[in-house]
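Engineer: The number in our numbering is simply the position in the sequence shown, starting from 1, with 90 added.
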Amino acid sequence: MQLNLRYNSSTHPINLPPDANVAVLQEAILNLLSIPIEAQKIIFRGKPLTQTNQELSSFKISNGAKLLLLASQPPSSNSKHLSPQKNVHFNGFPQFNQLPELDQEILAAGPPEGTMKNYIAEVTVFPKTPFVVKTSKGVAKMQIETEALFFQYDDGGYDRIFYSDVKNYNFAQLKKDDYLHLRLSMQNEKEIIYFLPCQYAGAFQNLFRRY
């Protein structure tokens, strides 16, 4: 669902999974505006959202809802969070670990043949067929396993990224409703999975949130 956050006379759209709670909203605000969670005061219909583990739906917050954000202090100019690239939108957990930068050549080449189409919806269940994606290693079919993402590359190679190894992640999106590019930071490696259909954003967030 998309929420409209009013802050300092500007309105910011925030996309969240339908079952998001207050804590997930706070993390999204931190990632978007670099405002520390402890400095945030989120208001809906005149009442502050203070119970972080409570789902937004319990406050009757639904798609298109308008929220007001008050900050007890301005964002620090020395924030350690990465600045989003121009015209790129980021969603996901706050960036405690540095994430890899998008490869402009891969983006310019466009999605590989067989990539799933984007459509405007929230899909919470992964498809049975593998995703066709690009990474720094080439074009691959990516399957969602119980413990890992499995990649079978066109050149015959394969790889796995275990969910438990992911220290931080977020999504980059060049424009609204475009493909997602999943940026991952592991203990000794960084990777970007390019051209994921945007309707699965919530499904991937739920997947990594378990770990």
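Even for Gly, the Cβ is constructed at its ideal location relative to N, Cα and C.
What are the boundary residues of the beta strand (DSSP E) that residue 125 is part of?
Structural biologist: Residue 125 -> no beta strand (DSSP E), and no H or E assigned at all.
Engineer: Should residue 281 go down as buried or exposed, given a rule of 16 or more other Cβ atoms within 10 Å for buried?
Structural biologist: Flag for residue 281 reads buried.
Engineer: Among residues of its own chain, excluding the 5 on either side of residue 156, which ones have a beta-carbon nearer than 7 Å to its beta-carbon?
Structural biologist: Same-chain partners within the cutoff: 94, 96.
Engineer: On a CA-only basis, which of 264, 273, 151 is nearest residue 327? Give me that one, please.
Structural biologist: The structure shown does not extend to residue 327, since the chain is modelled only from 91 to 301, so the question has no answer here.
Engineer: Going by alpha carbons, who is nearest to residue 267 out of 195, 286, 224, 260?
Structural biologist: Ranking 195, 286, 224, 260 by Cα distance to residue 267 puts 286 first.
Engineer: Do you know how far the Cα of residue 259 is from the Cα of residue 291?
Structural biologist: Taking the straight line from one Cα to the other gives about 12 Å.
Engineer: In angstroms with no decimal places, state the Cα-to-Cα distance between residue 196 and residue 101.
Structural biologist: Cα-Cα distance, rounded: 32 Å.
Engineer: Give the DSSP bridge partners of residue 228, in chain order.
Structural biologist: The partner list for residue 228 (beta bridge, DSSP) reads 225.
Engineer: Report yes if the C-beta distance between residue 206 and residue 283 is below 8 Å; otherwise report no.
Structural biologist: Contact flag unset, no.
Engineer: What does DSSP give as the partner residue(s) for residue 161 in the beta ladder?
Structural biologist: Its beta-bridge partners are 130.
Engineer: Which two residues bound the contiguous beta strand (DSSP E) that contains residue 216?
Structural biologist: Unbroken run through residue 216: none, as it is neither H nor E.
Engineer: Pick helix, strand or coil for residue 210, following the three-state DSSP scheme.
Structural biologist: Note: residue 210 maps to coil in three-state DSSP.
Engineer: Please check the pair residue 228 and residue 244, which I expect to be a contact at CB under 8 Å, by giving their CB distance rounded to whole angstroms.
Structural biologist: Residue 228 to residue 244, Cβ: 6 Å. Contact.
Engineer: Less than 6 Å between C-beta atoms, sequence neighbours within five positions excluded: which residues of the same chain meet that for residue 163?
Structural biologist: Confidence is the limiting factor: at residue 163 the pLDDT is only 47, short of 50, which leaves the residue's position unreliable and the question unanswerable from this model.
Engineer: Going by C-alpha to C-alpha distance, which of 269, 116, 274, 133 sits closest to residue 289?
Structural biologist: Cα-wise, what sits closest to residue 289 is 269.
Engineer: Residues bridged to residue 239 by DSSP?
Structural biologist: Its beta-bridge partners are 234, 251.
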